[in-house]
Amino acid sequence: MSVVLKPIHRNAWKRSKTWCLPNCNLLVPWRSSLVADDFLQKIAELQKRLDGQLKNYPFPQQPEYLYDPLRYVLAGSAKRLRPVLLTLTGQAFGVDEDDLQHAALAVELLHNFTLVHDDIMDDDLLRHGQPTVQKKWDNATAILAGDGLFVEAQRAITRVRNNAQRVCTVFNDGALAVCVGQAYDKEYEENQTITLNDYLHMTEKKTGAMLSLCMEIPALLANQEEAVCSQLRKFGYDIGKGFQIQDDILEIFSDADEMGKSLGSDVIAEKQTALSLMARKMAPEQWSELWQRSGEQPIDEKLAAMRTFFEDTGVYAETIAMAEEYFNNAVEDLAVIPDPGREELVAFINFVKSRNY
């Protein structure tokens, strides 16, 4: 199987249900010709296996106040992209299957911890197609659930056997980096001096650090040299930036049913996103005028006005191009991965690019 990352014709996908996305060269149908059927089947099998392990995670029955929310979180309709990425990378290096399974579960548990706490901070109401923990219960329950997931992630990663001390150190460094990125994200809210470079630095921490773990941990489990680990960390940062920019686009141009989570929370919180920062760069006066004019509008009307503005001013196209650049950089970072694993990871990038949720 040979899969090449290349631009997708801008008319490849017509959507009638949402604004996502009639003139887009990034977000394409899930079954894109750029992602071979046999690879899609492999991804589906990995997702199903990981999903089963997480949904049947051996939590105790008591106390219900802690463990019912944990089971609830892991029962959501998640994509499991991070453990899939970690598994593909580990398979490329021939990592022991038991170590790979423990590491994959640890990364997904850590990711879900960040989501539960992120939903509290953003006051989001929907995640993975179901009400968020604080919506279903309350903030106190959600805080404890997030804490529990973090501890379970720690327990899972300590079960790896090869290069265990280094793996655990990198895992915790990555977890802290995500917290640092989240802190920057909160600090940047309503801050009109933030630049695109500031945003990309924040994204490298908040999103890229977790994806870097998915690359570096398998390399460590395979006893790879630091030069290889460093290159794979860069892959995580590059695909993380592309992924987060893509997420910012979907936050505006998709809908809640497609995404399986609340939309518009970034707008309500006045967060600095790739689209808003690109708008400030390309059309500062028009953007400021739109923002002031839409201040008291209902969120649906505000999102509709933004969609029109981003398309008409070229902000939308320029932001897509920026995401595309980082995805292409990620492909180059894979030079240290042996074939056929490298080809599968290129296919994984196309798979990520093809998401519409």
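Residue numbers for the sequence shown, in numbering that gives the first Met the number 0: 0 to 356.
Ideal Cβ positions, reconstructed from N, Cα and C, are used throughout, including at glycine.
The model shown is predicted, which means the values in this text are computed figures rather than measured ones.
Let me know the secondary structure DSSP gives residue i once reduced to three states.
i	result
P68	helix
R79	coil
Q90	helix
R126	strand
D338	coil
Q285	helix
T194	coil
Q404	Because the chain here runs from 0 to 356, residue 404 falls outside it and cannot be looked at.
V351	helix
N55	coil
A278	helix
N161	coil
G294	coil
E188	coil
Q153	helix
From residue i to residue j, what does the alpha carbon distance come to, in whole angstroms?
i	j	result
L124	Q133	8 Å
D67	Q60	8 Å
R354	M321	17 Å
D97	L73	21 Å
R292	D311	17 Å
D246	I193	19 Å
D184	D197	10 Å
D265	N327	27 Å
Y64	Q181	27 Å
P57	A155	12 Å
K78	Q46	7 Å
L143	A329	36 Å
C228	L108	22 Å
A163	G239	25 Å
V318	L199	According to the sequence displayed, residue 318 carries Thr and not Val. Approximately 13 Å between the Cα atoms of the pair.
L39	E269	37 Å
Let's see if you can read the secondary structure: which residues bound the alpha helix (DSSP H) around residue i?
i	result
S211	A208 to L220
G313	No alpha helix (DSSP H) holds G313; DSSP gives it neither H nor E.
S251	The displayed chain sequence assigns Ile, not Ser, to residue 251. I251 -> alpha helix (DSSP H) spans E225 to F252.
L333	Counting along the chain, L333 falls outside any alpha helix (DSSP H), and DSSP gives it neither H nor E.
Pop quiz: residue i and residue j are said to be a contact at Cβ under 8 Å. What is the actual Cβ separation, rounded to whole angstroms?
i	j	result
Q90	G340	6 Å
K135	V177	With a Cβ gap of about 24 Å, K135 and V177 do not count as contacting.
M281	G241	The Cβ separation is near 20 Å, so there is no contact.
I251	R306	6 Å
L220	N161	5 Å
L210	R126	Not quite, the Cβ-Cβ distance comes to about 19 Å (not below 8 Å), so this is no contact.
D332	D237	6 Å
V169	I216	6 Å
I244	A278	No, I244 and A278 are not in contact; Cβ-Cβ is about 14 Å, not under 8 Å.
Got a sec: does the ligand ZN put a non-hydrogen atom nearer than 6 Å to the Cβ of residue i?
i	result
A74	Among the components of this structure there are no ligands whatsoever, and the ligand ZN is therefore not found.
Which residue spans inside the region 96-149 form an unbroken alpha helix (DSSP H) run of at least 4? The qualifying runs are 96-121 and 132-135.
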